[in-house]
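To keep things clear, I will list the structure first and then write my remarks on it.
Numbering (the working numbering), first residue to last: 183 to 409.
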């Protein structure tokens, strides 16, 4: 007689859900230790305007952009590269969240709500399976809320492929700036190397309640090679 597999235990609201959150945290794609950096061409586009340069991301994760005189565009490209790289750093769960507790909230269409206590009390997440589908964090006097809409499975963890981001006032909840919608394309470097960003498209939604009447800009990273 073949044994019937047991259904996964339901997580009851109010119970400790540290293990479930840890599984999702550890399923995020991160670079292997010894990441050596990479380089390539960078292309920024908004409307009919296109600007091209070259870039490097070093082993120290610092981004260097060359050949772009427009200071604002130069800073925007470097910022996107740094933001992606910093999220690829592998940190043990205990190092990041050892001073926090995690309590299950309600089950929602987006996943299980995870309520944070301890050092980062006030933060919240949602998880579905082994994916963090929502982040609500207090950072430097503001709140950032990110909803993950689609992911890329690398075979060694997931990368957020499509997601929204909004900053808001921690006291009133009033938005600070427009909501932004990100679409990211990642590729493995040199076929078998670490996955890196090949393209990012950012749409800024205007004040007209979700209408995509705002600005759109794209960042493309081409001819990628390891340093």
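Backbone N, C-alpha and C fix where the C-beta goes; we use that ideal spot for every residue, glycine too.
Exposure label - residue i; buried when at least 16 CB within 10 Å
i, result
"residue 277", "exposed"
"residue 245", "buried"
"residue 269", "exposed"
"residue 307", "buried"
"residue 279", "buried"
"residue 194", "exposed"
"residue 295", "buried"
"residue 366", "buried"
"residue 376", "buried"
For residue i, the nearest candidate out of the options (CA to CA)
i, options, result
"residue 267", "368, 226, 351 and 195", "368"
"residue 258", "407, 229, 233 and 274", "233"
"residue 316", "223, 241, 401 and 333", "333"
"residue 271", "292, 240, 283 and 385", "240"
"residue 373", "341, 366, 406 and 364", "406"
"residue 219", "229, 237 and 207", "237"
Which residues DSSP lists as bridging residue i, in chain order
i, result
"residue 308", "295 and 316"
"residue 348", "327"
"residue 362", "347 and 386"
Within 8 Å, strictly: CB atoms of residue i and residue j
i, j, result
"residue 419", "residue 345", "Summary: the structure shown does not reach residue 419, with the chain confined to residues 183 through 409, and so no result is reported for it."
"residue 310", "residue 196", "no"
"residue 320", "residue 304", "yes"
"residue 275", "residue 199", "no"
"residue 401", "residue 226", "yes"
"residue 228", "residue 399", "yes"
"residue 358", "residue 324", "yes"
"residue 282", "residue 293", "no"
message: In chain order, what are the residue ranges of uninterrupted alpha helix (DSSP H) at least 4 long that sit wholly in the stretch 192-221?
response: 200-208
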